[in-house]
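First residue of the sequence shown: 7, per our numbering; consecutive thereafter.
Yeah, the Cβ is synthetic: ideal placement off N, Cα and C, and Gly gets one too.
Predicted, not measured: the structure shown is a model, and the values here were computed from it.
Heads up: the structure comes next, in structure tokens.
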Amino acid sequence: MGVEEVLSRKTGVIVGEDVHKLFKYAHEKGFAIPAVNVTSSSTVVSVLEAARDSKSPIIIQTSNGGAAYFAGKGIANTNQYASIHGAIAAAHYVRSIAPSYGVPVVLHTDHCAKKLLPWFDGLLDADEAYYKQHGEPLFSSHMLDLSEEPDEENIGLCAKYFKRMSKMDQWLEMEIGITGGEEDGVNNEHIHASRLYTTPETVYKVHEALSKISPNFSIAASFGNTHGMYKPGNVVLKPELLGDYQSYAAKQLGLKEGSKPLFLVFHGGSGSSDKEFTTAIKFGCVKVNLDTELQYAYLTGIRDYILTKKDYLSSTVGNPEGAGKPNKKYFDPRVWVREGEKTETEKVKERLHVFNADGQL
Ligand SMILES: [Zn+2]
């Protein structure tokens, strides 16, 4: 028995009840699903290929900047125009190609801070328009990250948006506490280490507020996470904290010890150890965000190709095999971009294995 048996839609983008069923299944079986940031059709297919080969569900997401890139850097992002339309274009692309890979896909958008709320509004408008036509939202889920605001305001605004989203049976991921480091132009490198750990009481406050609206939400709390890859520093990752969040919430809810009432998300996963991942998964982490290390993985294939084939790439005609030899089969983007896809696919497969997501279909 695999996850496909509990889903009503077995392949392609899943929504509503199916998203909840998938995360619940991950809880029960003890695995997490990587959420990979994509910026192009090439990175989308790299990720889908990994999920297909590993027989795993997958989460595909665009960040605010990644979405604008998907639209094309030539489009101005005035009033979030490129980020809205790039995310929508990515969503339609993923929706159309994902069934060909035979895996269930959660279609998600990454961090949305307060100043980016016009982006979020634009995405929800697109969801509602799609819902009118097809009876489901365009995206499976979205993330709101108001963690820079005071907790009350953060939770209050999340609840407000969640009410709108729940009418479409859509999943919300929210962040409470601060992820350190730097990603997509948001720099938290200056934040004091003590603010990088969320308390179990605060996490429970989120659960209390959101569970009144719908069960379809997850929490990205901070347990020392950092975006990007750094040398080990003064912020220590404490994945055991996720266990404290679960047991505190279970106690408040009168559930038996060891139950996992919360769906938790691991941000800033790049550079973490296998043990840190498995500890987080043991305590109910169902989604791990991966960006930085996959950006690097994508580069390595292209970099190595360019460096080893340098003498075939300096002109359209003429290489070490002869002055008149054509180089078309070396500079065709289908050849060198493909090398980046291969190395990204391999890295995603490695992660699927570490997260115990491989073979779960
Ligand atoms: Zn993040």
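With a threshold of 8 angstroms, are at least 3 pairs of Cβ atoms found where one atom belongs to the region 166-183 and the other to the region 225-232?
yes
Beta-carbon spacing of Ser-69, Asn-43 below 8 angstroms
For the purposes of this step, residue 69 is taken as residue 63 along the sequence shown, with counting starting at 1. For the purposes of this step, residue 43 is taken as residue 37 along the sequence shown, with counting starting at 1. The answer is yes: Cβ separation under 8 angstroms.
Between the Cα of Asp-297 and those of Asp-59, Gly-187, Phe-229 and Lys-169, spot the shortest distance and give me the residue it belongs to.
Translated into the one-based positions of the sequence shown, residue 297 becomes position 291. Residue Gly-187 is the option with its Cα nearest to Asp-297.
Taking 8 angstroms as the threshold (C-beta atoms), are Glu-350 and Ser-52 in contact?
Position 46 of the sequence shown holds residue 52. Position 344 of the sequence shown holds residue 350. Yes, they are a contact pair.
Closest by CA to Ser-146, which one among Gly-365, Gly-22 and Val-294?
As a first step, residue 146 is located in the sequence shown; it is residue number 140 there, counting from the start. Ranking Gly-365, Gly-22 and Val-294 by Cα distance to Ser-146 puts Gly-22 first.
So what's Thr-68 in DSSP terms, helix, strand or just coil?
As a working note, residue 68 is residue 62 in the sequence shown. Reduced to three states, the DSSP call for Thr-68 is strand.
If you run the structure through DSSP and keep just helix, strand and coil, what is Asn-179?
Numbered from its first residue, the sequence shown carries residue 179 at position 173. Position check: residue 179 holds Glu in this sequence, whereas Asn was assumed. In the structure shown, Glu-179 adopts extended strand secondary structure according to DSSP, grouped into three states.
Take Gly-287 and list the residues in its own chain whose beta-carbon comes closer than 7 angstroms to its own, dropping the five residues that flank it on each side.
Within the sequence shown, numbered from 1, the residue matching residue 287 stands at position 281. It should be pointed out that residue 287 corresponds to Ile in this sequence rather than to Gly. Within the same chain, Ile-287 has close Cβ partners Gly-36, Phe-37, Ala-38, Phe-361 and Asn-362.
Looking at Gly-274 and ligand 1, is the gap between the Cβ and the nearest heavy atom below 7 angstroms?
Within the sequence shown, the letter at position 268 stands for residue 274. Flag set: Cβ of Gly-274 near ligand 1.
Measuring CA to CA, which of Leu-243, Gln-67 and Tyr-251 is closest to Asn-295?
For this step, residue 295 is matched to residue 289 along the sequence shown. Looking from the CA of Asn-295, the closest CA among Leu-243, Gln-67 and Tyr-251 belongs to Gln-67.
Local conformation of Met-174 per DSSP, three classes:
Along the sequence shown, one-based indexing puts residue 174 at 168. DSSP places Met-174 in coil when its eight states are reduced to three.
Whose CA, out of Trp-342, Ile-103, Leu-300 and Gly-307, lies closest to the CA of Leu-319?
Taking the first residue of the sequence shown as 1, we reach residue 319 at position 313. Cα-wise, what sits closest to Leu-319 is Trp-342.
Return yes when the Cβ of Tyr-304 is within less than 8 angstroms of the Cβ of Gly-346, no when it is not.
Working through the sequence shown from its first residue, we reach residue 346 at position 340. Working through the sequence shown from its first residue, we reach residue 304 at position 298. Yes, these two residues count as a Cβ contact at 8 angstroms.
Where the beta strand (DSSP E) containing Phe-223 begins and where it ends:
On the sequence shown, residue 223 is found 217 positions in, with the first residue counted as 1. Segment 223-227, the beta strand (DSSP E) holding Phe-223.
Sub-8 angstroms separation of Ala-104 and Gly-18 beta-carbons:
For this step, residue 104 is matched to residue 98 along the sequence shown. For this step, residue 18 is matched to residue 12 along the sequence shown. Going by C-beta atoms, Ala-104 is nearer than 8 angstroms to Gly-18.
From the DSSP output, in three-state form, read off Lys-331 for me.
Here residue 331 is taken as the residue at index 325 of the sequence shown, counted from 1. In this structure, Lys-331 counts as strand in the three-state DSSP scheme.
What are the complete alpha helix (DSSP H) segments, minimum 4 residues, inside the region 278-356?
280-288, 298-314 and 334-337
DSSP three-state call for Thr-115: helix, strand or coil?
Here the question's residue 115 lines up with position 109 in the sequence shown. Strand, per DSSP.
Tell me which residues share the same chain as Arg-357 and place their Cβ nearer than 7 angstroms to its Cβ, disregarding the 5 neighbours each side in the sequence.
Within the sequence shown, the letter at position 351 stands for residue 357. Result list for Arg-357: Pro-40 and Leu-296, in chain order.
Consider the C-beta atom of Thr-185 and the heavy atoms of ligand 1; say whether any pair is separated by less than 7 angstroms.
Residue 185 sits at position 179 when you count from the first residue of the sequence shown. Yes, Cβ of Thr-185 sits closer than 7 angstroms to a heavy atom of ligand 1.
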